[in-house]
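Just so it is clear: in the sequence shown, position 92 is 211 by my numbering, and no numbers are missing.
Glycine included, C-beta positions come from ideal geometry on N, C-alpha and C.
Given the structure is predicted, the values throughout are model-derived calculations rather than measurements.
Single-structure report; data block below.
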Amino acid sequence: MRFREKIARAIEKTSESIRKKHRALKTGMIDDDIAVRTHLGPIIEPLQKIVDNSSIRAVKDEPDVAVEVPYTPKREPDVGLEILRAPKREKKIVIRSGIKRKLPRTESSDTADASTITSTPLTTIGTIQSPMNLLTDDESIFETTNESFATSVQREVQTPEGQEVLRTHLGSLSQKYVEAVIRSDKDIDTVYGVYLSNGGMKFGCKPFDVDHEDHIILDNVRYKGTPGLYELIFKRMPDDIVYSDDDLEKYRSMLLVTNAYRRDHSARGQTSDNIATKSNMEKSIDTLRVKHEELEKKIIDMQKKIAMLDFYRDNADRKIDRRVAELNEKIDMMDKRFPTVYSTLRNHVTNINHETRVGFIADLQNVNARLDSYQKESNDRTREQEKINAAQKEFNNMVHEQRKVNVGNLTAMEKNVYSVWDAIMELRSKHPKN
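In structure tokens form, the structure reads like this:
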């Protein structure tokens, strides 16, 4: 049983247990169950021990996880011979600590011409434990309603019992995002991410599960849960500051495994042809971001080269100045002895100094030309940044339009649900149960 399905089942059973127990007392089902346990107790207890020793579900770690995360069994025992599934319509089930029976279905009064539907009582020997150990070992009776599974979970998670279940069985990181999915927050990505179905939490075509240590279990592979990976899986517009390249690679591999990027989440389905899919937009933004980073690296390298040229130029100027000073000292010493030689040397030094200065001026002009080219590259980087901003703005506009469409669809669905509910209540008022 998937972890998400267990949480939803426990919340629903907890909220309905008192009312169902009262109904069981009125119909006499509790007395029948006591009699059955009294007669079949010697048979049930040995079989229960065998079921308790059954093996647990095997989950393997992701192949590229650097830190080994040992798998620990969940806090509640595994279900024995029966696995609880998503709620089915108008089906009553009685779960007790030693036996599970399907009770005969009484005549329905929802419609005037409805026929009586019955089923042969079926006894299954085994141990049926409640998903979260929230119910007592004596009995827990629940009845599914006609409302959708997502609506039921959203309603029950708002109760104190539901909040306590989430705090007990989820980590702080997973609780934050799972509650957002259950509340149907607008920033949750239900197209390429996790959504709530009748079978529990799903990611594409695969069941999605988390444990109390925030590990993600998908397709029997356990991934180490990180804030960046949760951000990519759950959010429509993930924050690029939160996730890393490793998180992005894991998310892409999950998309390939779950077929979340294909129509109907089928391996043979075509890639979703929305105006701009999340994956394509991410690729375009990633490409622009890589170009932007490459330009920044080039600018940094050029700045380092310019600094080195300035350093060498300053050193050369200092060397020339020292050399000129030395020659001037020698000329001053020779001036007293050789006036003619002094005049010749003075002219020679002046020519050398002039030629050296002219050469360095030419080098300086070359450096200035390089600086102009670097400035041009910087302007190109600015234009690339403007492209990134335009792409981000376009993506936001498309998400806003899609959000409007989704809100309209949800409003229409709510109206249909209310109309069906009003019709059911009217039928019940016309045909009350005996």
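Would you say the segment 472 to 491 touches the segment 500 to 507, given that touching needs at least three Cβ pairs under 8 angstroms?
These segments do not touch.
Determine the direct distance from the alpha carbon of residue 294 to that of residue 373, and round the result to whole angstroms.
When rounded, the distance between both Cα atoms is 20 angstroms.
How about residue 357 and residue 350: are their beta carbons less than 7 angstroms apart?
Contact flag set, yes.
Distance check for residue 510 and residue 92, CA to CA, integer angstroms please.
Since the first residue of the chain shown is 120 and the last is 553, residue 92 is not available in this structure.
Within a Cβ cutoff of 6 angstroms, which residues of the same chain sit near residue 275, ignoring the five residues on either side of it in sequence?
Cβ within range, chain order: 130, 131, 134 and 281.
Comparing C-alpha positions only, which one of 128, 378 and 342 sits nearest to residue 322?
The option with the nearest alpha carbon to residue 322 is 378.
Is it the case that the segment 439 to 449 contacts the segment 464 to 480, given that we only count it when at least three CB pairs across the two stretches are under 8 angstroms?
Yes: the two stretches touch, three or more of their Cβ pairs being nearer than 8 angstroms.
In the structure shown, what three-state DSSP assignment does residue 388 receive?
Three-state DSSP puts residue 388 in coil, outside helix and strand.
Taking the alpha helix (DSSP H) that residue 376 belongs to, which residues open and close that run?
Run containing residue 376: 364 to 377, per the alpha helix (DSSP H) assignment.
Taking Cβ to Cβ, would you say residue 355 is nearer than 7 angstroms to residue 518?
Yes. Within cutoff.
The beta strand (DSSP E) spanning residue 284 covers which residue range?
First-last for residue 284: 279 to 288, but that is the alpha helix (DSSP H), not the beta strand (DSSP E).
For residue 338, which residues from the same chain have a beta carbon less than 6 angstroms from its beta carbon, with the 5 sequence-adjacent residues on both sides left out?
Correct list, in chain order: 325 and 376.
Which first and last residues belong to the alpha helix (DSSP H) in which residue 295 is found?
Unbroken alpha helix (DSSP H) run through residue 295: 291 to 301.
For the alpha helix (DSSP H) containing residue 335, list its first residue and its last residue.
Run containing residue 335: none in the alpha helix (DSSP H); it sits in the beta strand (DSSP E), 335 to 337.
Would you list the one or two residues that DSSP bridges to residue 315?
Bridge partners of residue 315: 320.
Buried or exposed: residue 490, going by 16 or more other Cβ atoms within 10 Å of its Cβ?
Exposed.
To the nearest angstrom, how far is it from the Cα of residue 537 to the Cα of residue 330?
Going from the Cα of residue 537 to the Cα of residue 330 covers about 35 angstroms.
Which residues in the same chain as residue 306 place their Cβ atom closer than 8 angstroms to its Cβ, once the five residues preceding and following it in sequence are excluded?
Contacts found: 299, 354, 355 and 356.
Short of 6 angstroms in beta carbon distance, which residues of its chain neighbour residue 370, apart from the five on each side in sequence? Order them along the chain.
Result list for residue 370: 351, in chain order.
For the beta strand (DSSP E) that contains residue 326, what are its first and last residues?
It spans 325 to 329 - the beta strand (DSSP E) in which residue 326 sits, taken as one unbroken run.
Which one or two residues does DSSP pair with residue 355 in a beta bridge?
Paired residues: none, contrary to the question.
Note down the Cα distance separating residue 508 from residue 545, rounded to an integer number of angstroms.
Cα-Cα distance, rounded: 55 angstroms.
Could you tell me the boundaries of the beta strand (DSSP E) in which residue 341 lies?
Run containing residue 341: 340 to 342, per the beta strand (DSSP E) assignment.
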